[in-house]
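Let me begin by presenting the structure, written as structure tokens, before commenting on it.
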Amino acid sequence: MPIYSYQCAACGLRFDRLRKMSESDSPQDCVECGTPARKMVTAAAFTFNHPASQTRGMAPPSTGTSDDWNYDKAIGRDAARRWEHIGQRIDRKRQVIADNPGSTGYDLSRNPDGSYRVMQPAERAQSEAGRALGAEVQKAIQAEKKGDG
Ligand SMILES: [Zn+2]
18 MPIYSYQCAA CGLRFDRLRK MSESDSPQDC VECGTPARKM VTAAAFTFNH
68 PASQTRGMAP PSTGTSDDWN YDKAIGRDAA RRWEHIGQRI DRKRQVIADN
118 PGSTGYDLSR NPDGSYRVMQ PAERAQSEAG RALGAEVQKA IQAEKKGDG
């Protein structure tokens with residue numbers, strides 16, 4: 018079965034689907050928002066026969082975007098994984114905040130195993146002192162830069 022590209026008119030997401038040619042024209046539900054998305058006209062034949070995906074011939078000049086479907090797919094999977102990790106991290110933080118009613122969310126620290134804990138007052142004071150020092154240093158650097166300019 019060929020691969021067809023669809024684009025959602027509601028959220029703009031592009032995604033690919035393996036489909037029978039006879040069914041390719043019917044809209045596909047957007048994987049992001051569920052709105053029926055329409056088939057794009059460029060798609061499969063072009064990317065499969067693209068010189069960049071073959072061993073012979075010259076690669077096309079770089080346009081800053083990729084025409085290699087498999088490459089885009091890998092990036093998409095990687096991005097999805099990263100977002101998933103970010104989501105899990107936010108969930109863990111929310112759980113710690115829920116378990117510690119006094120927590121503001123700004124007093125969390127990450128443990129080596131990736132979990133979060135609420136910092137004790139002494140630890141928090143240290144952390145804030147460290148941040149304040151960092152801000153001082155940044156200010157000094159900016160002042161130095163301005164002096165040169
Ligand atoms: Zn959508």
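Numbering (my numbering), first residue to last: 18 to 166. Note that the Cβ used here is the ideal one computed from N, Cα and C, for glycine as well.
{"Asked": "For Y133 versus R141, is the C-beta distance shorter than 8 Å?", "Found": "no"}
{"Asked": "Assuming the contact rule is C-beta atoms closer than 8 Å, L30 and V48 should be a hit. Round their C-beta distance to whole Å, please.", "Found": "7 Å"}
{"Asked": "Is D89 helix, strand or coil by DSSP?", "Found": "helix"}
{"Asked": "Measure the alpha-carbon distance for T121 versus R109 and round it to whole angstroms.", "Found": "15 Å"}
{"Asked": "Between which residues of its own chain and G131 is the CB-CB distance below 8 Å, once the five residues before and five after are set aside?", "Found": "R106, R109"}
{"Asked": "CB-CB under 6 Å to C28, same chain, minus the five flanking residues each way: which ones, in chain order?", "Found": "E49, C50"}
{"Asked": "Nearest to A58 by alpha carbon, out of V135, F32, Y23, K90?", "Found": "The identity of residue 58 in the sequence shown is Val, whereas the question assumes Ala. Checked all of V135, F32, Y23, K90; the closest Cα to V58 is Y23."}
{"Asked": "Excluding sequence positions up to five away, which residues of its chain have a Cβ less than 8 Å from the Cβ of M136?", "Found": "D124, L125, S126, S144"}
{"Asked": "Look up I1 in the DSSP assignment and give the residues it is bridged to.", "Found": "Not covered by the structure: residue 1. The range shown for the chain is 18 to 166."}
{"Asked": "Can you name, in chain order, every residue of its own chain whose Cβ lies under 8 Å from the Cβ of R55, other than the five neighbours on each side?", "Found": "Y23, Q24, A26, P44"}
{"Asked": "On the DSSP letters alone, give me the boundaries of the beta strand (DSSP E) that Q24 sits inside.", "Found": "20–24"}
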